[in-house]
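K.L.:
Residue numbers (our numbering): -11 to 148.
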């Protein structure tokens, strides 16, 4: 591997951040985060191009799940949480309690919140679909405004 490559995709109008920063190795996506500035030199690789195409499809309401090679780096517990998040249906939400139960115990609610906060691959690993048990939008590392926008965006493409 020659090192990580970076690309900054313009976000759709209405999002609080200007770019989506994509970070990838030669074999997998390592990071997808929102950013207001370009912090690395850009390089367009086939894998990054596939990620861009998938994210643009998501924003156009054509892609509802992702099939990209990911290189996730976290603790075993974090990786377990992140592996469960794609089970949350597009446009739907689970509470932190629901996610904790899927991981193994309601006692893990705070721990799954911590794992969500450290999710390195926003949107693709849909931690934005996890909300408070009272229905409030809480605890999104990218900002609650972005979380709200993503959930409203997904719900706008669901059949009514």
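Quick reminder that beta carbons are idealized off the backbone N, C-alpha and C, glycines included.
Among the candidates 26, 76, 85, 119, whose CA atom is the shortest distance from the CA of residue 113?
P.N.:
Translated into positions along the chain shown, residue 113 becomes position 125. When only C-alpha atoms are compared, the closest one is 76.
K.L.:
For residue -4, which of helix, strand or coil comes out of DSSP?
P.N.:
Counting from 1 along the chain shown, the entry for residue -4 is found at position 8. The answer is strand: DSSP assigns residue -4 an E or B state.
K.L.:
Quick check: residue 19 and residue 147, are their CB atoms within less than 7 Å of each other?
P.N.:
On the chain shown, residue 19 is found 31 positions in, with the first residue counted as 1. On the chain shown, residue 147 is found 159 positions in, with the first residue counted as 1. Result no, Cβ atoms of residue 19 and residue 147 do not sit closer than 7 Å.
K.L.:
Quick check on the burial criterion: 16 or more other C-beta atoms within 10 angstroms. Buried or exposed for residue 63?
P.N.:
Position 75 of the chain shown, counted from the first residue, corresponds to residue 63. With fewer than 16 Cβ atoms within 10 Å of its Cβ, residue 63 is classed as exposed.
K.L.:
Assuming residue 103 contacts residue 94 (C-beta within less than 8 Å), just tell me the rounded distance between them.
P.N.:
Against the chain shown, residue 103 aligns to sequence position 115. Against the chain shown, residue 94 aligns to sequence position 106. The Cβ separation is near 15 Å, so there is no contact.
K.L.:
Under three-state DSSP, which class holds residue 89?
P.N.:
By 1-based counting over the chain shown, the position of residue 89 is 101. Three-state result, residue 89: helix.
K.L.:
Quick check: the Cα distance between residue 116 and residue 139, rounded to an integer number of angstroms?
P.N.:
For the purposes of this step, residue 116 is identified with residue 128 of the chain shown, where counting begins at 1. For the purposes of this step, residue 139 is identified with residue 151 of the chain shown, where counting begins at 1. Whole-angstrom Cα-Cα distance: 7 Å.
K.L.:
With respect to the beta strand (DSSP E) encompassing residue 131, which residues constitute its N-terminal and C-terminal limits?
P.N.:
Here residue 131 corresponds to residue number 143 of the chain shown, with the count starting at 1. Neither: residue 131 is in no beta strand (DSSP E) and is coded neither H nor E.
K.L.:
At what residues does the alpha helix (DSSP H) containing residue 72 begin and finish?
P.N.:
As a working note, residue 72 is residue 84 in the chain shown. Note, residue 72: alpha helix (DSSP H), 64 to 72.
K.L.:
Going by beta-carbon coordinates alone, are residue 142 and residue 110 separated by less than 7 Å?
P.N.:
In the chain shown, counting from the first residue as 1, residue 142 sits at position 154. In the chain shown, counting from the first residue as 1, residue 110 sits at position 122. Not in contact: residue 142 and residue 110 (Cβ atoms no closer than 7 Å).
K.L.:
Evaluate residue 135 with the Cβ neighbour count: other Cβ atoms within 10 Å of its Cβ, from every protein chain shown; 16 or more gives buried, anything less gives exposed.
P.N.:
Numbered from its first residue, the chain shown carries residue 135 at position 147. Buried: at least 16 other Cβ atoms inside 10 Å.
K.L.:
Go to residue 19, then tell me how far its beta strand (DSSP E) extends in each direction, as first and last residue.
P.N.:
Locating residue 19 in the chain shown gives position 31, counting from the first residue. Taken as a continuous stretch (DSSP letters only), the beta strand (DSSP E) holding residue 19 covers 17 to 23.
K.L.:
Does the beta carbon of residue 86 come closer than 7 Å to any beta carbon on chain D?
P.N.:
No chain D appears in this structure, which consists of one protein chain only.
K.L.:
Take residue 78 as the anchor and find which of 145, -5, 3 has the nearest alpha-carbon.
P.N.:
Translated into positions along the chain shown, residue 78 becomes position 90. Nearest of 145, -5, 3 to residue 78, Cα basis: 145.
K.L.:
The beta strand (DSSP E) spanning residue 11 covers which residue range?
P.N.:
The residue labelled residue 11 in the question sits at position 23 within the chain shown. Per DSSP, residue 11 belongs to the beta strand (DSSP E) from 7 to 12.
K.L.:
Return helix, strand or coil for residue -11, following the three-state DSSP convention.
P.N.:
Position 1 of the chain shown, counted from the start, is the residue given in the question as residue -11. Residue placement at residue -11 is flagged as unreliable, the pLDDT there being 45, under the threshold of 50; the coordinate-derived value follows with that caveat. Residue -11 falls in the coil class under three-state DSSP.
K.L.:
Going by other Cβ atoms of all chains shown within 10 Å of its Cβ, with 16 needed for buried, is residue 105 buried or exposed?
P.N.:
Position 117 of the chain shown holds residue 105. So residue 105 ends up on the exposed side.
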